[in-house]
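Engineer: Protein chains in written order, with the working numbering: chain A, 1 to 271; chain B, 272 to 542. No residue lacks a Cβ here, since even glycine has one placed at the ideal position from N, Cα and C. For reference, the structure I am asking about is given below.
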């Protein structure tokens with residue numbers, strides 16, 4: 001395997017860019033091929049079978065792009081498809097769920113962990129399963145927050161309406177005495193300040209995007225896959241693909257990444 | 272053509288059920304085959320090319336079900352694909368946009384019409400085009416309201432948060448002196464009361480779902496396609512298909528239709 005080969009990162013849309021951003025910061029030598037499935041977003045309300053089908057199509061595409069490892073930057077796809085994809089493909093694959101769960105298990109002091117995410121992630125129960133696998137004594141409380149993604153995508157980030165929605169969703173978590181809360185959807189770090197304010201200083205927020213970049217870094221070192229070559233120009237290191245609406249993707253990417261992204265290409269992976 | 276054949280109705284998801292509901296009420300003799308593209312919802316943020324591709328796949332499926340006419344119950348698909356589908360397929364096809372625009376042109380007294388809808392519908396400019404085609408003197412004001420659909424699907428229908436979002440979106444329309452407002456997305460009739468309260472008694476709301484059922488009724492009579500046979504049992508007259516998450520679809524359908532729907536089948540149209 002060529003150590004200068006890129007990392008494949010995929011998500012249902014723009015949210016996975018928070019994961020790509022962490023990888024760019026923590027392991028700046030690595031090239032990235034990003035795929036956002038904007039034609040089929042959101043994944044959160046779709047069934048397991050559908051998510052597995054989509055994930056296979058995308059990984060096949062990323063393999064054709066010559067990637068050396070895959071990051072599933074979408075919580076729903078990590079929840080539904082990670083195990084199956086590891087069986088199916090002969091390439092290292094990591095997902096945001098495991099990284100987030102591990103960090104939460106280190107962070108909690110009272111053993112009570114909250115998880116927020118889309119309906120798909122929460123209903124899958126996968127975060128609970130992974131957390132219990134790490135430490136069966138952990139108490140886990142979950143809450144689906146389906147409006148957070150549309151609010152972020154509408155740009156209502158620092159907004160009284162969003163604060164009201166955050167309060168409404170998190171109200172029931174506040175009575176549960178948790179000291180750690182996993183931001184179990186890639187869009188949620190963008191609401192981090194509002195969530196922190198509503199939950200109060202007694203609750204630590206865990207950002208799986210950050211933890212995933214850390215896990216990827218270790219994986220590449222352990223498997224002798226880390227790129228030692230000096231950093232090139234950003235625009236040559238990163239490639240962005242989407243299945244629809246490339247212009248809209250570029251606008252969102254430019255608003256959250258610290259450099260102007262190269263032209264995003266629209267492609268189809270379902271044929 | 273068999274006059275007992277069903278009407279094909281399709282939408283990106285559950286929203287088109289407000290159109291199916293109007294057809295059931297106004298022409299109760301007609302059978303219906305409904306397809307909700309829940310695997311690929313929402314259409315509102317997708318490109319024209321993608322929506323045309325999806326619409327073709329769905330109409331081919333509905334033709335295999337033996338339908339005698341097609342209703343595009345999705346505003347985005349009506350905006351992007353109606354003309355193309357009429358050229359492509361040899362079957363009567365109507366869309367919610369034309370019906371809604373015609374009703375608005377009859378309703379307005381001061382010639383100033385507002386349109387609200389998803390990004391796709393609003394950016395397509397199709398409502399404006401059709402309205403101007405009917406009466407070039409009409410003044411048209413538009414506003415995309417991307418949060419309305421997720422709020423309705425989350426069940427926040429009669430809710431102070433939704434009232435705040437409605438106020439935020441409609442604020443700029445209130446200064447424009449419109450006397451007629453087209454509810455240009457199939458979910459919006461479910462927010463009708465809140466929208467009416469915010470806009471005040473001087474603004475008439477136009478529900479394209481209602482107008483589309485009326486147009487379909489006339490079309491079937493004019494083409495001698497109306498079913499004269501007595502109404503059968505509801506559960507035998509209506510068939511529901513989705514591309515994903517059939518259970519969730521059934522729950523939503525049962526909440527807005529006045530009878531329990533038959534089992535919804537999950538099928539794939541993209542292969």
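1) What is the DSSP secondary structure of residue 557 (chain B), counted as helix, strand or coil?
2) Bridge partners of residue 266 (chain A), per DSSP?
3) For a cutoff of 9 Å on Cβ pairs, would you count residue 255 (chain A) as touching chain B?
4) Within the continuous beta strand (DSSP E) that includes residue 340 (chain B), where are the two ends?
5) With DSSP run on the structure shown, which of helix, strand or coil describes residue 476 (chain B)?
6) May I have the straight-line CA-CA distance separating residue 453 (chain B) from residue 289 (chain B), to the nearest angstrom?
7) Where residue 124 (chain A) and residue 451 (chain B) are concerned, what is the direct C-alpha to C-alpha distance, given to the nearest angstrom?
8) Taking 9 Å as the CB-CB cut-off, is residue 40 (chain A) touching chain B?
9) How many angstroms separate the CA atom of residue 235 (chain A) from the CA atom of residue 260 (chain A)?
10) Could you please tell me which residues of the stretch 315-329 of chain B, in chain order, have their CB closer than 7 Å to any CB of chain A?
11) Note down the Cα distance separating residue 82 (chain A) from residue 117 (chain A), rounded to an integer number of angstroms.
12) Where residue 485 (chain B) and residue 412 (chain B) are concerned, what is the direct C-alpha to C-alpha distance, given to the nearest angstrom?
13) Buried or exposed for residue 370 (chain B), going by 16 or more other Cβ atoms inside 10 Å?
14) Any contact between the stretch 272-282 of chain B and the stretch 496-516 of chain B? By contact I mean 3 or more CB pairs, one from each, below 8 Å.
15) Please classify residue 449 (chain B) as buried or exposed, where buried requires at least 16 other C-beta atoms within 10 Å of its C-beta.
16) What are the partner residues of residue 144 (chain A), as DSSP defines its beta bridges?
17) Closer than 9 Å, Cβ to any Cβ of chain B: which residues of the stretch 209-228 of chain A, in chain order?
18) DSSP on residue 520 (chain B), reduced to helix/strand/coil?
19) On the three-pair Cβ rule with 8 Å, is the stretch 24-41 of chain A touching the stretch 215-232 of chain A?
20) Using a Cβ-Cβ distance under 9 Å, would residue 407 (chain B) count as near chain A?
21) Could you give the C-beta distance for residue 462 (chain B) and residue 342 (chain B), rounded to a whole number, given that I count them as a contact under 8 Å?
22) Measuring from the CB of residue 38 (chain A), is there a heavy atom of the ligand ZN at a distance below 8 Å?
23) Suppose only complete runs of 3+ residues qualify. What are the beta strand (DSSP E) ranges in the stretch 27-71 of chain A, listed by chain order?
24) So for residue 11 (chain A), helix, strand or coil by DSSP?
25) Cβ atoms of residue 528 (chain B) and residue 373 (chain B): under 9 Å apart, would you say?
26) Excluding sequence positions up to five away, which residues of its chain have a Cβ less than 6 Å from the Cβ of residue 491 (chain B)?
27) What distance in whole Å lies between the Cβ atoms of residue 58 (chain A) and residue 89 (chain A), which are believed to be in contact at a cut-off of 8 Å?
28) Grab me the residues of residue 467 (chain B)'s own chain with a C-beta within less than 7 Å of its C-beta, minus the 5 sequence neighbours each way, in chain order.
29) Please list the terminal residues of the continuous beta strand (DSSP E) segment that includes residue 95 (chain A).
30) Considering just the uninterrupted stretch of the alpha helix (DSSP H) at residue 132 (chain A), what are its terminal residues?
31) Under the assumption that residue 97 (chain A) contacts residue 127 (chain A) (Cβ atoms under 8 Å), give the Cβ distance between them as a whole number of angstroms.
32) So that I know if they touch, is there some Cβ in chain A lying closer than 9 Å to that of residue 429 (chain B)?
Structural biologist: Quick look at the numbers:
1) With chain B represented from 272 up to 542, any question about residue 557 (chain B) goes unanswered, as that position is not in the structure.
2) A:242
3) No, because no Cβ of chain B sits closer than 9 Å to the Cβ of residue 255 (chain A).
4) 340-343
5) strand
6) Cα-Cα distance, rounded: 15 Å.
7) 45 Å
8) yes
9) 8 Å
10) 316, 317, 318 and 321
11) 17 Å
12) 25 Å
13) buried
14) yes
15) Result: buried.
16) A:117
17) none
18) helix
19) yes
20) no
21) Their Cβ separation, rounded to whole angstroms, is 22 Å, which puts residue 462 (chain B) and residue 342 (chain B) out of contact at 8 Å.
22) The ligand ZN is absent from the structure shown, which contains no ligand whatsoever.
23) 32-36
24) strand
25) No, the pair does not count as a contact, with Cβ atoms beyond the cut-off.
26) 497
27) 11 Å between Cβ atoms; not a contact.
28) 476
29) Annotation for residue 95 (chain A): the continuous beta strand (DSSP E) segment containing it runs 93-95.
30) 126-134
31) 6 Å
32) No, residue 429 (chain B) does not count as interfacial toward chain A.
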